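Student: Note that my numbering has the sequence shown beginning at 14, numbered continuously upward.
C-beta atoms are modelled at their ideal positions from N, C-alpha and C, and glycine is treated no differently.
This one's a predicted model, so the numbers in the text were calculated from it and none came from an experiment.
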Amino acid sequence: MTTMERHDIIYCGACGMPPEYCSYGPDFESHCKPWLQKKHPDMYKEIKKQLKGAENEAAGDDENPVKPSEPWTVEERLTKFYEKYQPDKLDAVPGLLEKYAGKEDNLFMALSKKYGDEPEDPFYADSDSDDDLEEAVGDLSISDKKKRRGAAAKMETKTDTRVIISKTKRNKKKAVTTVVGMDTVPGIKLKEVSKALSKRFAGSSSVKDLPSGMKEIIVQGDHVDDVAALIVDKFKVPADCVYIDLDGEFVPYS
14 MTTMERHDII YCGACGMPPE YCSYGPDFES HCKPWLQKKH PDMYKEIKKQ
64 LKGAENEAAG DDENPVKPSE PWTVEERLTK FYEKYQPDKL DAVPGLLEKY
114 AGKEDNLFMA LSKKYGDEPE DPFYADSDSD DDLEEAVGDL SISDKKKRRG
164 AAAKMETKTD TRVIISKTKR NKKKAVTTVV GMDTVPGIKL KEVSKALSKR
214 FAGSSSVKDL PSGMKEIIVQ GDHVDDVAAL IVDKFKVPAD CVYIDLDGEF
264 VPYS
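1. Evaluate Phe270 with the Cβ neighbour count: other Cβ atoms within 10 Å of its Cβ, from every protein chain shown; 16 or more gives buried, anything less gives exposed.
2. Buried or exposed: where does Ser43 fall if 16 or more other Cβ atoms within 10 Å of its Cβ makes it buried?
3. Would you mind stating whether Tyr95 and Val106 have Cβ atoms separated by less than 8 Å?
4. Near Val245, what residues of its chain come up, given a Cβ to Cβ distance below 8 Å and the 5 sequence neighbours on each side ignored?
5. Rounded to whole angstroms, what's the CA-CA distance from Lys160 to Asp173? Just pull it up for me.
6. Helix or strand or just coil, what does DSSP make of Ser267?
7. Distance check for Pro54 and Leu190, CA to CA, integer angstroms please.
8. Provide the residue span of the alpha helix (DSSP H) that contains Leu210, from first to last.
9. Determine, using beta carbons only, whether Gly129 and Gly226 come nearer to each other than 8 Å.
10. Tell me which residue opens and which closes the beta strand (DSSP E) that Leu91 is part of.
11. Hey, could you find the ends of the alpha helix (DSSP H) Ile244 is sitting in?
12. Is the beta carbon of Ile177 sitting closer than 8 Å to the one on Lys127?
13. Where does Asp144 sit, in a helix, a strand or coil, going by DSSP?
14. Give every residue of the same chain whose Cβ lies closer than 6 Å to the Cβ of Cys45, excluding the five residues on either side of it in the sequence, and list them in chain order.
15. With burial defined as no fewer than 16 other Cβ atoms inside 10 Å of the residue's Cβ, what is the status of Leu210: buried or exposed?
16. Identify which residue in Ile22, Gln63, Val220 has its Cα closest to the Cα of Tyr37.
17. Identify whether Glu33 lies in helix, strand or coil by the three-state DSSP scheme.
18. For Lys208, I'd like the list of residues in its chain whose CB is within less than 6 Å of its CB, leaving aside the five on either flank, ordered along the chain.
19. Are the beta-carbon atoms of Leu103 and Thr92 separated by less than 8 Å?
20. In whole angstroms, what is the alpha-carbon distance linking Met168 and Asp235?
21. Under a three-way DSSP split, which group does Lys221 fall into?
22. Near Lys112, what residues of its chain come up, given a Cβ to Cβ distance below 8 Å and the 5 sequence neighbours on each side ignored?
23. Relative to the C-alpha of Val264, which candidate in Met56, Glu59, Leu120, Phe41 has its C-alpha closest?
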């Protein structure tokens, strides 16, 4: 007579799946992982080792990626940008390309100021190798090198000031005015700006961090033009450095 052994099967108390499959679900980090660490720490350690091994294998496959034969097109650049920062606005890419035809550099400059650095095109990855730099420097005369050093020093100390003001609708069509780029203005304290805006418009104003590392001032209500005027008049920001976002089109305040 064959003896049958009983095996107790463990199911995750968070998602209901066997623990070895939890990592494939959307709630592993937020729900499954804490449950496993508390209820079955030994099993979690084993699963962690398996996940780490899979990550190492994937990293090994990407050690020598194939370099593309040509750089991204303008459409691909813009798509990659929105995939990184605003994936919910990918549908706006065709309209932006049409609106900024011939002015793509201005578009990318404004987007980078508002959200952060543009995603790196793999075609240009590792293009600035030590050999390339040595070759470029070797072609310069001594006087050219001195000039380059002086220009480079000036560029390093120069601050590229660009303030973008826009209106956003939130919560049942209530509008707020957002200000991005005040942290690029030398000598400006964002809390003082936020306080002045709150006092001027008799509403709440706060400073928040953006994914790009920059900071954003949020003012309750639609005050785009008045905020621009206050920034120029009270905080002495040059008018040609202030832009108003009109449905994706950055219009100089001046």
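Tutor: From the atom records:
1. The structure shown does not extend to residue 270, since the chain spans only 14 to 267, so no value can be given for it.
2. By the Cβ-count criterion, Ser43 is exposed, with fewer than 16 other Cβ atoms from all chains shown falling within 10 Å of its own Cβ.
3. Contact: yes.
4. The beta carbon of Val245 sits closer than 8 Å to the beta carbons of Pro251, Ala252, Val255, Tyr266 from its chain, once the five residues preceding and following it are set aside; these are given in chain order.
5. No answer about Lys160 holds up, because its pLDDT of 46 lies below 50 and its placement is not dependable.
6. coil
7. Going by the sequence as given, residue 190 is Thr instead of Leu. Rounded to the nearest angstrom, the two C-alpha atoms are 48 Å apart.
8. Residues 203 to 214.
9. yes
10. It is not in any beta strand (DSSP E) - Leu91 instead sits in the alpha helix (DSSP H) that spans 87 to 98.
11. 237 to 247
12. Cβ distance < 8 Å, so Ile177 and Lys127 count as in contact.
13. Unreliable placement is indicated for Asp144, whose pLDDT of 48 sits below 50; the coordinate value is still reported in the next sentence. Helix, per DSSP.
14. Cys25, Ala27, Cys28, Cys35
15. buried
16. Gln63
17. helix
18. none
19. Yes, they are a contact pair.
20. Low local confidence applies: a pLDDT of 43 at Met168 is under 50, so the model's placement there is unreliable, and no value is given.
21. In this structure, DSSP gives Lys221 an extended state, which the three-state scheme calls strand.
22. Gly261, Glu262
23. Leu120
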